[in-house]
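Before any comments, here is the structure.
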Amino acid sequence: MTAPAYTFLPWLRRGLANQVTAADGDPAVRLRPRVTVSLTASGRAPGGAVQNRTVTRQVSLYGPADIVGIDPNAIVRAEPRPWITNAEPNLLAHVDFHDEDLPWRHTPAAPAAGRLRPWLTLLVLTEDEFRDGPAGGAAPLPRVDVLDLAVLPRADQLWAWAHVHVDRGLGADDGEIVSGDGPAVAARLAATLAGDPDLARSRLLCPRVLAPDTGYHAFLVPTFEGGRRAGLGLDPGDIPATMSAWPASTSDQGPRPQPSSFPVYHRWYFRTGARGDFETLVRLLRPAPVDPAVGTRAIDVRHPGSGVRGVDKPGLDGTLRLGGALRPPHLPLPGDPWESWDQPFPSPLQEDLARLINLADDYRTEAGADPVISPPLYGRWHALTSRVSTDGTADGWVRRLNLDPRFRIAAGLGARVVRENQERYTQAAWDQIGQVLAARRRVRNAQFGLRVSTVWHERHLASAVPVPQRALHLTAPLHRRILSGGETLRQAQTTARVSPTLFSAPLRRVLRPRGRVAGLLPFDDHHRAARLLDRVNSGEVDPAPPESPPPGVLTADVAATLVDDPRAAGTVGESGLTAGWLAGLPGASGFTVGTLTEPGAPGRGGEDSPEAIIFKEALEDSLDFREEAEERGTPPEPDEVDLDGMAQTAVDAVRPDVTIPRRIETTVHIPQAIRDEIGPGLVEPMAYPVIDQPMYEPLRDLGADLFLPNAGLITPNTVTLLETDQRFVESYLAGANHEFARELLWREYPTDQRGTPFRQFWDVRGTMAAASGDARESLRDIPPLHEWAPASALGGHDHRDTGGGRDELVLVIRGELLRRYPNAVVYAHRARWPAPGQTGPRQLSDDPAAVRTPRYAARIDPDITVLGFDLTAEEAIGGDAPDADPGWYFVIKERPGEPRFGLDTEPSSPREVWNDLSWPEVRPGPAGGHLDLAAAPASLTLTAPAGPPEAVQHAEDVQVGWDPAMTAADLAYILFQAPVLVGVHAAQMLHTPSEESP
C-alpha cells in the first residue's frame, strides 16, 4: 500500500517465524508456537559406503511467554511526544520500532487473509481508568491495574493497528498504489533495506479516539495471555498460545489469574489540547474583505487647549481620523474630506500650534520673557531646525509631523513608549557602548596634547626655521623617518656636503651655544657656530680635508726624487707607471724571472721571450686594477642641498596637528562612513545605539487599538488583507527617536541628538538573526532620520521600498490556527489561469520562483497574526479575464513532519479523498472510546471531484477500499494525514476601489 513516498505493509516476518502454520485461535497450539524442522546427516559406514539419514522434529520457538522486557532503544518514536500538553485529539497515539518485524516476531500464529495480530498492544488510558501496581515483588516488569476491561480495544481486531512503514515506493511503477504480488514486493523491500536498513520501521497504533483537554497514559503491553503472565511473574501454565491477554469477546472467559493486571514494557504521558487539528482550524478560516472602519478612529479636536483653536471645517464635525499601523487597502479614497482638513494651509489650528511649538526658540532671543513649557519640535535635531514654519505648503515631513494632529499624536505615542521603557532602553544603549568611553578619553587626552604641543612647536621649532642649523639639529633624531622627495632626510644627507655626522649627537653637544667646547673653538662674529652648516654646505668649510702622509713617511713619489737616472725615477714613482710606459718598454728575448737564490736576467733586445710576454700581461692587469681601484675609491663630489627647504620639511613633518591625529587614527578605529561624515581631525567618537526590538510591541502593549484601531471589528476565524500606513509608522518612530535623544542627553551618554536607535517597527527577528551586513540593513523599516530630505513627504521613507512609495500588503489571520500552530508556513504564491481547454478557478503557478515569503510579522493577542508581503493590492488582485494578470494566492500550509494517523473532526461533503474522512462517519458519538471495526460502516465510498486539484489524489485513493477485506495497510493508508495546504486568492479578501466607500 503506497502513499506519496511511503509504503505500508500489513505485517512482516523473518526467518523461522515464517514457518508457523497454526491459525490464530487454534487451541491445539499450547503456550509456544511449534514448527517442523528437518535435518539430514551424512556419514561413511565402516565399509566406506556413504549413508544419509533425515531427522524431523517439532521445534518450539520463543513466544510471548518468554518475553519479560524490550530494549528501550528499539523504540524510535512515540506520538504524541512524552509530556506534551497540546496533542491533537483527532489523531491516534502510536509508537514506532526500529526493527520492521518486531510486532509480529513472536506472534504464535500464521497470517490469514493479510491479517496478523501483533504480540504487543498499545493501550491509552485516562488517569481514572487505571492505577499503578505496587512496586517491588517478584514480577520482572512494573504493572498497572485496569479498573474496567471494557475500556480496552477489541482483542480480535488488533491486527488492524500494526503495520510496516517503508520510506520508499515498492510498487512496480509510480501508478501502482495497491499490489497483490507479495513475492515481488518482498524482493523490492529486501533490495531497499540492503541499500539502507533505516528506510523501514514498524508501528503500533492505538484505536482510541482521544477526548480534548484530557490527560492520557500510554502503555505498551503484551497481546497474549502467556506474555501477560510472564511479565507479572506468574506461572504461564498450559494455555493456548494465542489466548488474548483480555477477553476478545463476551464468550472468551477463560481462566486468567489477576485478569485486570497488565505488565508494562514501556509507558509515557501526554495531554490533548483543545478540539481541532490543523486541518480543522484552517477550514474554519473564511476569506472576507475587512470592515472599512478598521484602522482608523475619530478624535475630537474642537478644543485642543493651550490657546490653540480647533478644527472648524464644515463637514468634519470637529473630528479627524486617527490611524494606526495598518489600514484597509485603497483607503483613504480620493476626495476624502478628512485628508484635506487643513486646506487651505495653514489652518487656524496649525497657526496656533506652530506659534506654541516655536516658543522654545523665541525664548532664546527674547530677554525677560516669562517662560512657558512648550510642546517638542519632533525631528529638530535630525532636520537641523529649531522652528516649524507655516509659510508655503504643508509639504515636508517636519511640518506635517508637527502640525498635523493625526501624526503628532503618533509621534507622542512613540515618545510615551520610550518614557515608559527608558530604563531598559538606556541600559541596552550602555551595554552597546563597548570601548567608546576609552576611545573618548584617548581623544580628549590627544586634544589636550595637541593644544600644548602646538604652543611648543610654534615657540621652539617654527621659530627656528630661519636658522636651518638650529631647526635641523632639533629634529635630527627624526631624520630617518621624515620623507622628502621620495627619500628620508638622513639618506639625502649621505650624498651632501652636510653629512649625517654634522647632525650627530656629539656634534650637537659640541655646538651648544653655552657649551664649554663651543667656547674654545675659533668662532667669532663673522664665523658663528650657528652658521657652520651653511658654510659647510657652500664649500667654505671642508669637514674632511684630503689626507696627506704623516711627516717622515717615505712614499713612492718621494723615493722617485732620490733617483738620479730620470728613466729609473719614472719607474719608481706611482705616477709614471702607466699603460703608455708599459707599451714603450723594449723587447727582451732573454728575459727570465728570477728567485731569491737565482736572479733573473733582463735579456734586453730582440723579441720578448715567453716569460717576458707573460710578465708584461700580468703587469698590464696590475696597472688596470690600480686605475679602477683609484677610480672607485675616489668618493663622489658631495652635493650642495637646500638647507632652508630641508629645515622647513623637518619642522612641518612634526607639526602636532598632523602627527597627533595620525597617531589617534591608528589606535581608535572609526568606520570610514563616519569618518567621511565628520571629516578629519580629533573628533570625539559618538555612540549611536541600535535597539532592534520591534517597536510595534510596546505600542501594542499600550493598547491594541493604538496599533490597529477597531481591531475587534475583524471577525473571528477570518483571513483578510490590510496594508501598511507608512505615515503612521514614520511618525511613531520619529517621536520615539526624538524622546530617546533627549533621554540620552540627560544621562550624559556620549552621543549627539542625531542618532536613530529605533529603526525597526515590524518584527523581522526571524530573518535578521541569519542576516548580516547589507542584508541586515535592508530589513530596517526606515533610513536614519538625518538622511530624510527636509522637503520629502511624510510616509516616503520606507527603507525596504524600491517601488516608489507603495504601501505593502499585509495578510491578517484571526483565529486559533497560528496560535496553536505558530510554525505553519505562510507565503504568497503567484496564480495562473487554467490551461487552454480547462475550466475552473485560478490555480497555483507551477513556477517555483513565483513565491514570496513574509517580510515581517506582528501579533495582537490573543488570536490576530499580521504578515507583511512585498505586494500591493493591485498586484495581488490581478484581473478578471484570462488574458489579464492572474494575481496572487496567499497560502497557509501545514509544516511537513513525521507521519500522523487519524481522521477529521467534522464530515466533508462530498467526501472526495480519504483525507476527508471524519471520526463521526466511522465512530459516531462522543470521543474517548475505541474504533470498533465491527460497528463501523462495512464499506465507504468516495465521490468523484469536479476537477483539480483533488482529481489526482482521488484517482489514487479509489484503489484503496474501506470494506470487510481491508488489511492493516489499507487502514494505514486511509488514516494517514497528509499535510494540509489552503490557498486563498487576494480577490476574495479585497474590495476593488470602486466598491470602497468613504
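The sequence shown finishes on residue 1835 if you use this note's numbering, and the numbering steps up by one all the way, no holes. Think of the CB as a built atom: it goes at the ideal place given N, C-alpha and C, for glycine as much as any other residue. Note that the structure is a prediction, hence the values are computed from the model and not measured.
Alpha-carbon spacing of residue i relative to residue j, whole angstroms
i        : j        : result
Pro-1531 : Pro-1699 : 18 Å
Tyr-1658 : Asp-1050 : 17 Å
Gly-1640 : Gly-1739 : Residue confidence for Gly-1640 is low, a pLDDT of 48 falling below 50, so the modelled location carries little weight and cannot support an answer.
Ala-1130 : Pro-1671 : 36 Å
Tyr-1726 : Pro-1126 : 15 Å
Ala-915  : Val-932  : 4 Å
Arg-980  : Ile-1811 : 34 Å
Arg-1236 : Pro-1124 : 40 Å
Pro-1553 : Leu-939  : 48 Å
Glu-1464 : Gly-1421 : 19 Å
Leu-1779 : Gln-1796 : 10 Å
Ala-946  : Ala-1661 : 45 Å
Trp-1583 : Arg-1277 : 18 Å
Leu-957  : Pro-1044 : 14 Å
Val-1148 : Leu-1240 : 12 Å
Met-1826 : Val-1556 : 7 Å
Asp-1722 : Thr-1709 : 13 Å
Val-1759 : Val-988  : 18 Å
Val-1601 : Arg-1613 : 10 Å
Glu-1731 : Pro-1212 : 51 Å
Pro-841  : Glu-1793 : At Pro-841, the pLDDT of 47 sits below 50, so the modelled position is not reliable and the matter cannot be decided from this model.
Arg-890  : Ala-854  : 26 Å
Nearest-angstrom Cβ-Cβ length linking residue i and residue j, presumed shorter than 8 Å
i        : j        : result
Gln-1095 : Leu-1069 : 6 Å
Glu-964  : Leu-984  : Not really, about 11 Å apart at Cβ, beyond 8 Å.
Ala-1687 : His-1666 : 6 Å
Ile-1528 : Ser-1290 : Their Cβ separation, rounded to whole angstroms, is 40 Å, which puts Ile-1528 and Ser-1290 out of contact at 8 Å.
Leu-1159 : Val-1647 : Not quite, the Cβ-Cβ distance comes to about 19 Å (not below 8 Å), so this is no contact.
Thr-858  : Arg-954  : In fact, because the Cβ distance is near 16 Å, the residues do not count as touching under 8 Å.
Ala-1805 : Ala-997  : 5 Å
Leu-1186 : Trp-1175 : In fact, because the Cβ distance is near 14 Å, the residues do not count as touching under 8 Å.
Ala-1668 : His-1828 : Contact doesn't hold; Cβ gap of about 19 Å is too wide.
Asn-1374 : Arg-1334 : 5 Å
Asp-861  : Ala-949  : 7 Å
Cβ shell of residue i (< 7 Å), same chain only, five flanking positions each side left out
i        : result
Gln-856  : Val-872
Arg-1038 : Val-913, Asp-933, Phe-934, His-935, Glu-937 and His-1002
Pro-1757 : Pro-1744
Thr-1604 : Leu-1616
Gly-1286 : Ile-1497
Cut-off 6 Å between Cβ atoms - residues of its own chain near residue i, not counting five sequence neighbours on either side
i        : result
Val-907  : At residue 907 the sequence reads Ile, which differs from the Val that was named. For Ile-907, where only same-chain residues beyond five positions count, the Cβ hits under 6 Å are Tyr-1102.
Gln-1269 : Pro-1526
Leu-962  : His-1054
His-1316 : Leu-1326 and Arg-1327
Close Cβ partners of residue i (< 8 Å) along its chain, the five nearest in sequence each way excluded
i        : result
Thr-1230 : Phe-1182
Arg-1307 : Ala-1301 and Ala-1367
Arg-867  : Asp-1075, Ile-1076, Pro-1077 and Ala-1078
Bounding residues of the alpha helix (DSSP H) (the contiguous stretch that carries residue i)
i        : result
Lys-1453 : 1447-1470
Gln-1330 : 1326-1331
Glu-1576 : 1563-1583
Ala-944  : According to the sequence as given, residue 944 is Thr; it is not Ala. Per DSSP, Thr-944 belongs to no alpha helix (DSSP H) and is neither H nor E.
His-1310 : 1305-1311
Pro-1343 : 1342-1347
Residue range of the beta strand (DSSP E) that includes residue i
i        : result
Arg-1040 : 1037-1042
Val-897  : Rather than Val, the amino acid found at residue 897 in this sequence is Ser. Start and end: 887-897.
Trp-1234 : Trp-1234 -> not in any beta strand (DSSP E); alpha helix (DSSP H) instead, spanning 1234-1240.
Glu-916  : 912-916
Pro-1174 : Taken as a continuous stretch (DSSP letters only), Pro-1174 belongs to no beta strand (DSSP E), as it is neither H nor E.
Ser-1375 : No beta strand (DSSP E) contains Ser-1375, which is instead part of the alpha helix (DSSP H) from 1369-1375.
Trp-1105 : 1103-1108
Arg-968  : 967-969
Neighbour flag for residue i against chain B, beta carbons, 8 Å
i        : result
Ala-1366 : Chain labels in this structure do not include chain B; a single protein chain is all it has.
Practice prompt. Would you mind listing the beta strand (DSSP E) stretches within the region 978-1006 that are 3+ residues and don't spill past its ends, in chain order?
Written response: Within the region 978-1006, the complete beta strand (DSSP E) runs of at least 3 residues are 980-983 and 999-1003.
Practice prompt. Taking only runs that begin and end inside the region 1183-1268, name each unbroken alpha helix (DSSP H) of 4 or more residues, in chain order.
Written response: The DSSP assignment places complete alpha helix (DSSP H) segments of no fewer than 4 residues inside the region 1183-1268 at 1185-1194, 1196-1202, 1217-1220, 1234-1240, 1242-1257 and 1259-1268, in order along the chain.
Item to complete: Only counting runs of 3 or more residues, tell me where the beta strand (DSSP E) segments fall wholly within the region 1699-1736, in order along the chain.
Response: 1701-1706 and 1725-1730
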